[in-house]
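Shown next, in structure tokens, is the structure this report addresses.
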Amino acid sequence: MQGVDSVQGVERWRDKVAFVTGASSGIGRAAARKLSRAGLRVAVCGRRKERLAVLAAELGQGSVMQLPVDLTQDTSLLRAFDRVRDQWGGVDVLVNNAGVGFAAPLVSGKIAEWREMLDVNVLSLCIGTREAVRQMRERGGEGHIFHVSSLAAYRVLPGGGVYAATKAAVRSLTESLRLELREIGAPIRVTAVSPGYVQTEFHAGFFGQESLAVELYSRHRTLEPDDVADAVMYALGAPPHVQVHDILLRSSEQPT
32 MQGVDSVQGV ERWRDKVAFV TGASSGIGRA AARKLSRAGL RVAVCGRRKE RLAVLAAELG
92 QGSVMQLPVD LTQDTSLLRA FDRVRDQWGG VDVLVNNAGV GFAAPLVSGK IAEWREMLDV
152 NVLSLCIGTR EAVRQMRERG GEGHIFHVSS LAAYRVLPGG GVYAATKAAV RSLTESLRLE
212 LREIGAPIRV TAVSPGYVQT EFHAGFFGQE SLAVELYSRH RTLEPDDVAD AVMYALGAPP
272 HVQVHDILLR SSEQPT
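Encoded structure:
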């Protein structure tokens, strides 16, 4: 997906500031690495401080800001955006990647798991988007917001209804944001990237068992985190007048 033109297009983002949630592993970590290698300064946000420190050491401390954040706590996320504004002047690119999922059926699921999915997958995305738009408009230049969604927004599997509902919400929020940005005349693009199965830590948490995740990945080849991060870079590198609004991404071997 990463063609010559998109690579050249990413050059215009050099020295800009990217804010990546869920950056301690998986897709977020892969996106942070690619953004950093493209010359952006990257604020990496996640729950696990030690993993953020390892990533920062890999990418170079001067171009990376570590932001340990609990996305279920509004003030924690708001403080992170304030810190980016104070130290780097604000955000130009936001990758709303953080997400959680549980097999928590409507007939038997746990309220705490439903609430965590709604808090992280929907509410924190809304808060982060609002704060990023404010900072992008203050900075006065081009901006880009990414929502990492899921193919679950388009089809529901048994037991995964609440998770799918959160991703369907992200799908609606992406379109709403596009319309709102047009209405206020902001030069900010928005892209939803909706992958199928990706080999990350997500499915072990979803099923509650590592063995079930391993079994899932053994059925057929799945996407890798870099595949999804490449989609982010492709959309970011498109010309300013081109908005890559929706990217649906699955392994060629994935049956559904």
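Its first residue numbered 32, the sequence shown is counted upward by one per residue in the working numbering.
Beta carbons are placed, not taken as given, at the ideal position from N, Cα and C, and that holds for glycine.
Nearest CA to the CA of residue i: which residue from the options?
| i | options | result |
| --- | --- | --- |
| LEU137 | PRO189, GLY130, VAL100 | PRO189 |
| ASP105 | HIS251, GLY159, ILE142, SER139 | GLY159 |
| THR253 | ASP277, ARG281, GLN166 | ARG281 |
| GLY70 | ASP258, ALA134, GLY91, ARG60 | GLY91 |
| VAL100 | GLY191, ALA84, ARG79 | ARG79 |
| LYS141 | GLY192, ARG209, ARG165 | GLY192 |
| ARG64 | ARG45, GLY40, GLU89, GLY216 | GLU89 |
| LEU208 | GLU169, GLN274, GLN97 | GLN274 |
| GLN166 | VAL131, GLY121, LEU98, GLY130 | GLY121 |
| LEU149 | LEU86, TYR194, TYR265 | TYR194 |
| ALA129 | GLU169, GLU214, ARG60, ASP258 | ARG60 |
| ASP117 | VAL48, ARG43, VAL41 | VAL48 |
| GLU211 | GLY40, ASP113, VAL164 | VAL164 |
| ALA87 | VAL51, SER107, ALA135 | VAL51 |
| VAL229 | ARG213, SER107, LEU279, VAL151 | LEU279 |
Looking only at DSSP bridge pairs, what is residue i linked to?
| i | result |
| --- | --- |
| THR222 | PHE177 |
| ARG72 | VAL48 |
| ASP277 | ALA223 |
| PRO99 | GLY77 |
| VAL229 | LEU254 |
| VAL126 | VAL51, PHE177 |
Taking 8 Å as the threshold (C-beta atoms), are residue j and residue i in contact?
| i | j | result |
| --- | --- | --- |
| TRP119 | ARG72 | yes |
| SER225 | ALA269 | no |
| LEU102 | SER155 | yes |
| ALA196 | HIS276 | no |
| VAL95 | VAL126 | no |
| ILE176 | VAL115 | no |
| ALA260 | ALA62 | yes |
| THR287 | ARG186 | yes |
| GLY93 | GLY77 | no |
| PRO256 | GLY132 | no |
| MET264 | VAL124 | no |
| LEU109 | GLU162 | yes |
Who are the near neighbours of residue i in its chain, counting only those whose CB is closer than 8 Å to its CB and skipping five residues on each side?
| i | result |
| --- | --- |
| PRO218 | GLY172, GLU173, GLY174, PRO271 |
| LEU204 | VAL153, LEU156, CYS157, THR160, HIS178 |
| ASP36 | Low confidence applies to ASP36: its pLDDT is 45, below 50, so where it sits in the model is not reliable enough to give any reading. |
| GLY34 | Residue placement at GLY34 is poorly supported in this model, since its pLDDT is 44, which falls under 50; the coordinates still yield a value, given next. Only TYR265 meet the Cβ criterion. |
| SER107 | VAL100, ASP101 |
Among the residues of its own chain, which have a CB less than 7 Å from the CB of residue i, if the five just before and after it don't count?
| i | result |
| --- | --- |
| SER181 | LYS198, SER225, PRO226 |
| HIS251 | SER282, GLU284, GLN285 |
| SER67 | VAL73, LEU90, SER94, VAL95 |
If you drop the 5 nearest sequence neighbours on each side, which residues of the same chain put their C-beta closer than 6 Å to that of residue i?
| i | result |
| --- | --- |
| ALA200 | VAL153 |
| LEU98 | ALA74, CYS76, ALA111 |
| ARG45 | GLY70 |
task: Scan the stretch 131-193 and note each continuous alpha helix (DSSP H) run of 4 residues or more that stays entirely inside, going in chain order.
output: The alpha helix (DSSP H) runs of length 4 or more contained entirely in the stretch 131-193 are, from start to end of the chain, 142-149, 155-170.
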